[in-house]
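Numbering (this note's numbering), first residue to last: 6 to 420.
In what follows, a structure is listed as structure tokens, so that the remarks can point back to it.
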């Protein structure tokens, strides 16, 4: 039936938002694909790891150790304790995959507030909404059986606290919902929204005012494990998929050239904490051989149908290609940010993913401006290959700084 094909395409599309050469873990690739080096890791709910804000999006998708802001709840909740202002929030908007379809959008709203006598603690919240446009479901003879707008959203709350003058730690709790079909039945089997509760834990270490000649520099390091949560399913079956559990870490180094100019360089490394599809044993016809326990006989690698804790641990040593393939599963981002007088920013970055693990490679550019209460950031993505699904991706973020508003009112009153 055509509605089954539409459902399959929707789920495959959602799974492949992060990696454009993807396979379902429940339908492992053939041996020649694995040995031919294409063996991507796929998950459900990949919208959870799409960069939501323009500042990070302009710096190659780095953010685990960059200076804290309203989007820190996504990158590393541990950073929030060192946020400069007492309160603020931001609104971000990204037209997504416009090279393929015209009506997919990602919206992101986030905010934070510091509290306590010494301002050692910070709470934050965010809402992420991903719309996949309008879909018309039909049967194989062309009769329309319904219209639906697939959507996904996640609601986060976070708490962060300074443990010392240089170290902070934060945790976040997330509810995620992915409704791709509106409950449409496929061959008599109803579908449902995939939903789960997940958590993040992050650490942030900063050492400001390190002297380098006549200049001062700020060093920071961040580590965050995100989306630790149960597997999900779009049908009432026992087959479930991992969500994008991820380990992110990296340093940043900011040099304050003088009172007006500063430049920062930062690096993020990412490792998916999800099992790698194994290489399967196949019969003479090339079909995988069932193992009698609900999976297939494995020639190289490990069975990915394990619990969440086991999958996270297993992900560090289960690639059928051994250590070489494990290293290919790392993605890295490099970003730079220049500020003039803390009012004008210019940003650039690069993101790299191995060709056998998704092949996302692109440069990013962007700028930012701050004026009194408001700030505006934008980012532009430049892929390294032509006709890439992510080409011409734009991100916009509008920020609001209530601490500056309070200070401005005080100055106006004094006048």
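For every residue, glycine included, the Cβ atom is placed at its ideal position computed from N, Cα and C.
It should be emphasised that the depicted structure is a prediction, and the values quoted were computed from it without experimental measurement.
Simplified DSSP assignment, three categories, for residue 122: As a working note, residue 122 is residue 117 in the chain shown. Correct three-state label for residue 122: coil.
Sequence ranges, alpha helix (DSSP H) only - wholly within the region 47-98, length at least 4: 59-62, 77-80
Bridge partner(s) assigned by DSSP for residue 340: For the purposes of this step, residue 340 is taken as residue 335 along the chain shown, with counting starting at 1. Answer is 271, 354.
Collapsed DSSP secondary structure at residue 245 in the structure displayed: Residue numbering aside, residue 245 sits at position 240 when the chain shown is read from its first letter. In the three-state reduction of the DSSP assignment, residue 245 falls in the coil class.
Residue range of the alpha helix (DSSP H) that includes residue 258: As a position in the chain shown, residue 258 is number 253, starting the count at 1. Premise fails: residue 258 lies in the beta strand (DSSP E), 251-261, not in any alpha helix (DSSP H).
DSSP-derived helix/strand/coil call for residue 391: In the chain shown, residue 391 corresponds to position 386, counting from 1. Coil at residue 391, not helix or strand.
Opening and closing residue of the alpha helix (DSSP H) in which residue 202 lies: In the chain shown, counting from the first residue as 1, residue 202 sits at position 197. Where residue 202 is concerned, there is no enclosing alpha helix (DSSP H), although the beta strand (DSSP E) it sits in stretches over 199-217.
Environment of residue 62 [buried if 16+ CB atoms lie within 10 Å]: Sequence index remark: in the chain shown, residue 62 carries index 57 (1-based). Buried, because 16 or more other Cβ atoms sit within 10 Å of the Cβ of residue 62.
Residue 311, DSSP secondary structure in three states: Against the chain shown, residue 311 aligns to sequence position 306. Coil, per DSSP.
Local conformation of residue 27 per DSSP, three classes: Position 22 of the chain shown holds residue 27. Because the pLDDT of residue 27 is 36, which lies under 50, any placement of that residue in the model is unreliable, and the number read from its coordinates should be weighed accordingly. Of the three classes helix, strand and coil, the one that applies to residue 27 here is coil, per DSSP.
C-alpha gap between residue 183 and residue 240, whole angstroms: The sequence position of residue 183 within the chain shown is 178, counting from 1. The sequence position of residue 240 within the chain shown is 235, counting from 1. Taking the straight line joining both Cα atoms gives about 12 Å.
Burial state of residue 363 (16 or more Cβ within 10 Å): As a position in the chain shown, residue 363 is number 358, starting the count at 1. By the 10 Å Cβ count, residue 363 comes out buried.
Reduced DSSP secondary structure (H/G/I, E/B, other) of residue 319: Within the chain shown, residue 319 is the residue found at index 314, counting from 1. Here residue 319 sits in helix by DSSP.
CB of residue 105 within 8 Å of CB of residue 394, strictly: By 1-based counting over the chain shown, the position of residue 105 is 100. By 1-based counting over the chain shown, the position of residue 394 is 389. Taking 8 Å as the Cβ cut-off, residue 105 and residue 394 qualify as a contacting pair.
As assigned by DSSP and simplified to three states, the class of residue 304: Within the chain shown, residue 304 is the residue found at index 299, counting from 1. For residue 304, the three-state secondary structure derived from DSSP is strand.
At least three beta-carbon pairs within less than 8 Å, the region 343-354 to the region 296-316: no
Under the three-state DSSP convention, the category residue 361 falls into: Along the chain shown, read from residue 1 onward, the residue named residue 361 stands at position 356. Helix, per DSSP.
Close Cβ partners of residue 16 (< 7 Å) along its chain, the five nearest in sequence each way excluded: Here residue 16 refers to the residue found at position 11 of the chain shown. Here residue 16 scores only 48 on pLDDT, less than 50, and its place in the model should not be relied on; the value that follows carries that caveat. Within the same chain, residue 16 has close Cβ partners 185, 239.
The region 41-50 in contact with the region 89-102 per 3-pair CB rule at 8 Å: Because the criterion of three Cβ pairs below 8 Å is not met, the region 41-50 and the region 89-102 do not touch.
Cβ-based burial, residue 141 [other Cβ within 10 Å; buried from 16]: Residue 141 sits at position 136 when you count from the first residue of the chain shown. Exposed is the call here.
Element boundaries [beta strand (DSSP E), containing residue 226]: As a position in the chain shown, residue 226 is number 221, starting the count at 1. Per DSSP, residue 226 belongs to the beta strand (DSSP E) from 220-234.
Euclidean distance between Cα positions of residue 125 and residue 267: Reading the chain shown from its first residue, position 120 is the one you call residue 125. Reading the chain shown from its first residue, position 262 is the one you call residue 267. Distance between the alpha carbons of residue 125 and residue 267: 26 Å.
Euclidean distance between Cα positions of residue 217 and residue 270: Position 212 of the chain shown holds residue 217. Position 265 of the chain shown holds residue 270. Cα to Cα, residue 217 sits roughly 15 Å from residue 270.
Assumed close pair residue 188, residue 201 - CB separation to whole angstroms, cut-off 8 Å: Locating residue 188 in the chain shown gives position 183, where the first residue counts as 1. Locating residue 201 in the chain shown gives position 196, where the first residue counts as 1. The pair is not a contact, with the Cβ atoms about 18 Å apart (cut-off 8 Å).
Exposed unless 16 or more other CB atoms sit within 10 angstroms - verdict on residue 54: The residue you call residue 54 lines up with position 49 of the chain shown. Residue 54 comes out buried.
The region 354-368 contacting the region 56-74, beta-carbon criterion three pairs below 8 Å: yes
Residue range of the unbroken alpha helix (DSSP H) whose run includes residue 103: As a working mapping, residue 103 is identified with position 98 in the chain shown. From DSSP, residue 103 is part of no alpha helix (DSSP H); its letter is neither H nor E.
Bridge partners - residue 284, DSSP secondary structure assignment: On the chain shown, residue 284 is found 279 positions in, with the first residue counted as 1. In DSSP, residue 284 forms a bridge with 305.
Cutoff 8 Å: residue 364 Cβ touching any chain C Cβ: The structure shown contains no chain C; it is built from a single protein chain.
Span of the alpha helix (DSSP H), counted from its first residue to its last, around residue 424: Not covered by the structure: residue 424. The range shown for the chain is 6 to 420.
Residue 93 versus 167, 129, 80, residue with shortest Cα-Cα distance: Position 88 of the chain shown holds residue 93. Nearest of 167, 129, 80 to residue 93, Cα basis: 129.
Boundaries (first-last residue) of the beta strand (DSSP E) holding residue 375: Numbered from its first residue, the chain shown carries residue 375 at position 370. Run containing residue 375: 366-376, per the beta strand (DSSP E) assignment.
Residue 407 (DSSP reduced to helix, strand or coil): Residue mapping note: residue 407 aligns to position 402 of the chain shown, counting from 1. Correct three-state label for residue 407: helix.
Assigned secondary structure, residue 424 (DSSP; H/G/I helix, E/B strand, else coil): Nothing about residue 424 can be read from this structure; the chain reaches only from 6 to 420.
Validate contact between the region 246-262 and the region 286-302 using beta carbons, cut 8 Å, 3 pairs: With the rule of 3 Cβ pairs closer than 8 Å, the region 246-262 does not count as touching the region 286-302.
Bounding residues of the beta strand (DSSP E) (the contiguous stretch that carries residue 142): Residue mapping note: residue 142 aligns to position 137 of the chain shown, counting from 1. Start and end: 140-143.
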